[in-house]
Amino acid sequence: MMEAYSSALLGVWVILFTIIAQLVVAAVAHRMQRGYIPGIVDNSLDNKSFIFRSHRAHINSLENFIVMFATILVAIFMGVSATWLAVCVWIYAIARILHMWSYYAIATNRNPSLRSLFYVIGLVANVVLLFKVGFAFLG
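Numbers 43 to 181, taken from my numbering, label the letters of the sequence shown in order.
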């Protein structure tokens, strides 16, 4: 069974690797702030600060991955098409990487911004997969 889902599971690995990479980038950037206190990001910072952006990119990925990961697990247990699962996982993984890149590269307080587009693409992939799980329950 797991062999059928190998492409989706590789996508999950890419997502997890991305989140770990974001953690490292955020930790290094965090230590660059003036008056560094472990675990505290200066409240006066905004999107113009890379420290803030790296921290928010990581936290946003953590917040979003919880729901996607749960959906992936239920999809596997419900026997959702391995192809559909892989497509949704890879769209989500690529969208999260592009979200991270845009958060790192573009310092803007505008909303929506380019990162919002990639956030929505990842969200749509999650919702599509959630519907596929729902249809699997209905038989």
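We put the beta carbon where it would ideally sit given N, CA and C, even for glycine.
The structure displayed is predicted, hence computed values, not measured ones.
Would you call the CB atoms of residue i and residue j closer than 8 Å?
i      : j      : result
ALA135 : VAL67  : no
ASN106 : GLY164 : yes
ALA50  : ALA128 : yes
Using only alpha-carbon positions, find the residue among the options that is nearest to residue i.
i      : options                           : result
ASN151 : ASP88, MET74 and ARG76            : ASP88
SER96  : THR113, GLN75 and ALA112          : GLN75
PHE59  : LEU104, GLY77 and SER48           : LEU104
ALA48  : HIS100, ILE114, PHE177 and PHE94  : Reading the sequence as shown, one finds Ser at residue 48 and not Ala. The option with the nearest alpha carbon to SER48 is ILE114.
LEU180 : ILE108, GLU45 and MET120          : MET120
MET44  : ARG98, THR125 and MET110          : THR125
ILE133 : TYR146, VAL169, ASN153 and ILE101 : VAL169
ALA231 : VAL109, ALA178, GLY81 and TYR146  : Coverage of the chain is limited to positions 43 through 181, which leaves residue 231 absent and any answer about it impossible.
ARG34  : PRO80, MET142 and VAL70           : With the chain covering 43 to 181 only, the question about residue 34 has no answer from this structure.
Report yes if the C-beta of residue i is less than 7 Å from at least one heavy atom of the ligand FMN; otherwise report no.
i     : result
ILE79 : With respect to small molecules bound, the structure shown includes none, and the ligand FMN cannot be examined in it.
Given residue i, which residues of its chain have a CB within under 7 Å of its CB, disregarding the five upstream and five downstream residues?
i      : result
VAL131 : ALA50, GLY53, VAL54 and ILE114
LEU140 : PHE160
ALA117 : LEU127, LEU171, LYS174 and VAL175
PHE94  : VAL83, LEU87 and ASP88
ALA46  : ALA124
MET110 : TYR134 and ASN168
Within its chain, find whatever has a CB closer than 8 Å to the CB of residue i; leave out the 5 residues flanking it on each side and keep chain order.
i      : result
ALA137 : PHE160, TYR161, ILE163, GLY164 and ALA167
SER123 : LYS174
SER155 : SER144 and ILE148
TYR78  : HIS72
Whose C-beta lies closer than 6 Å to the C-beta of residue i among residues of the same chain, with five residues either side of it excluded?
i     : result
LYS90 : ALA149
Worksheet item: Residue ranges of each alpha helix (DSSP H) run of no fewer than 4 residues wholly in the stretch 91–120, ordered along the chain?
Response: Within the stretch 91–120, the complete alpha helix (DSSP H) runs of at least 4 residues are 92–120.
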